[in-house]
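Q: For the sequence shown, counting from 1, position 2 maps to 14 in the numbering used here; every step adds exactly one. For reference, the structure I am asking about is given below.
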Amino acid sequence: MNITEDVYRVLGYCPEQQRVRPGLLASATMSQIENALAHLLIEKGFDSAEALSIVSTAIQYSDQRTQHSVKQIYDLHYLFQTLKENNVKIALCTSDSRKGTYIMLKRLKIDNLVDLVICGDDIGAVPKPHPHNALSICRELDVDPIDTLVVGDTLADLGMGRSAHLGGTVGVLSGICNQEELRPLADYVIANVGSILPIVENMRRPSLL
Numbered sequence: 013m014n015i016t017e018d019v020y021r022v023l024g025y026c027p028e029q030q031r032v033r034p035g036l037l038a039s040a041t042m043s044q045i046e047n048a049l050a051h052l053l054i055e056k057g058f059d060s061a062e063a064l065s066i067v068s069t070a071i072q073y074s075d076q077r078t079q080h081s082v083k084q085i086y087d088l089h090y091l092f093q094t095l096k097e098n099n100v101k102i103a104l105c106t107s108d109s110r111k112g113t114y115i116m117l118k119r120l121k122i123d124n125l126v127d128l129v130i131c132g133d134d135i136g137a138v139p140k141p142h143p144h145n146a147l148s149i150c151r152e153l154d155v156d157p158i159d160t161l162v163v164g165d166t167l168a169d170l171g172m173g174r175s176a177h178l179g180g181t182v183g184v185l186s187g188i189c190n191q192e193e194l195r196p197l198a199d200y201v202i203a204n205v206g207s208i209l210p211i212v213e214n215m216r217r218p219s220l221l
């Protein structure tokens, strides 16, 4: 039984373009992805226990592969170090698992530069675009939401920023969405995170009345 095309469809992946589209793979939690894939297998005739076991094994394998597949588009260590030197707090809010996220952070050597991490499988985390995670980060780090930027490459990322009434939303074109898709929810659209520093600096300047 070959269900590759069905899996791609459920996840939101286009094999012809080798591109992740807005959908589960882009912004869903691992739990949501696991449930969707298990449901697909059950539809194909697998019993529920077998379906969950197959999907769980696949996700564990994916987490192990993460450390070999991370590609750095910009020098994140330099970027985060620069932000920290300017007293900017950094938080990561991701739909990915905590295990896979920390593999990535350590591989990129930025794990010690992030003040707070909220992952999709954390107890109490609420999937984007709900404002819960963003507001929890602000409370934990003692930062006013109006002084907070959300930077992301999905509509769920930016939607979280909007629903939490953060100070700004920054769409990044190095991910899955194009400018036309990001623009309705983004105050700024940039090519990659390397262009974030001027935006941060602009937010820190006092307003001229």
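C-beta: ideal position from N, C-alpha, C; glycine also. These figures come from a predicted structure and were not determined experimentally.
According to DSSP, simplified to helix, strand and coil, what is T181?
A: DSSP places T181 in strand when its eight states are reduced to three.
Q: By Cβ distance below 6 Å, which residues in the same chain neighbour P218 in space, the five residues on each side in sequence not counted?
A: For P218, the pLDDT reaches just 47, beneath the cut-off of 50, and the residue's location in the model is therefore unreliable, although a value from the coordinates is still provided. Hits under 6 Å: none found.
Q: So does the stretch 48-57 actually touch the stretch 169-189, counting three or more Cβ pairs closer than 8 Å?
A: No, the stretch 48-57 is not in contact with the stretch 169-189.
Q: Just to confirm the assignment, what range does the alpha helix (DSSP H) spanning G164 have?
A: Element bounds for G164: not the alpha helix (DSSP H) but the beta strand (DSSP E), 161-164.
Q: How many whole angstroms separate the CB atoms of L91 and G206, which I take to be in contact at a CB cut-off of 8 Å?
A: L91 to G206, Cβ: 7 Å. Contact.
Q: Is it true that the CB of D127 sits closer than 8 Å to the CB of A103?
A: In contact: A103 and D127 (Cβ atoms closer than 8 Å).
Q: Count the CB pairs spanning the stretch 30-47 and the stretch 60-77 that are closer than 8 Å, and state whether there are at least three.
A: Result yes; three or more Cβ-Cβ pairs closer than 8 Å.
Q: Name the DSSP beta bridge partners of A103, please?
A: According to DSSP, A103 bridges with L128.
Q: Check the DSSP bridge columns for I202 and list the partner residues they point to.
A: BP columns for I202 point to V184.
Q: Take the Cβ of L221 as the centre, count every other Cβ of all protein chains shown within 10 Å, and call the residue buried at 16 or more, exposed below.
A: Bear in mind that a pLDDT of 35 at L221, under 50, signals an unreliable position, so the model cannot answer this.
Q: Taking T41 as part of the alpha helix (DSSP H), name the residues at either end of that continuous run.
A: Counting along the chain, T41 falls outside any alpha helix (DSSP H), and DSSP gives it neither H nor E.
Q: Rounding to the nearest angstrom, what Cα-Cα distance links A70 and E213 in this structure?
A: When rounded, the distance between both Cα atoms is 43 Å.
Q: Can you round the beta-carbon distance between T181 and D199 to whole angstroms, since I take them to be within the 8 Å contact cut?
A: At roughly 5 Å, the Cβ-Cβ gap stays under 8 Å, so T181 and D199 are in contact.
Q: Give a yes or no on whether the C-beta atoms belonging to P143 and A176 are separated by under 8 Å.
A: Yes, Cβ-Cβ distance for P143 and A176 is below 8 Å.
Q: Roughly how many angstroms lie between the CA atoms of C2 and L178, to the nearest whole one?
A: Here the chain has residues from 13 to 221 only, and residue 2 is not among them.
Q: Does the distance from the C-beta atom of C105 to that of I130 stay below 8 Å?
A: Cβ atoms of C105 and I130: closer than 8 Å.
Q: Taking P34 as the reference, give the member of M42, E28, R21 with the closest Cα.
A: Ranking M42, E28, R21 by Cα distance to P34 puts R21 first.
Q: Since D165 contacts I188 with CB under 8 Å, what's their CB separation in whole angstroms?
A: About 6 Å; that satisfies the 8 Å criterion.
Q: So, with DSSP's three-state summary, where would you put V138?
A: Three-state result, V138: coil.
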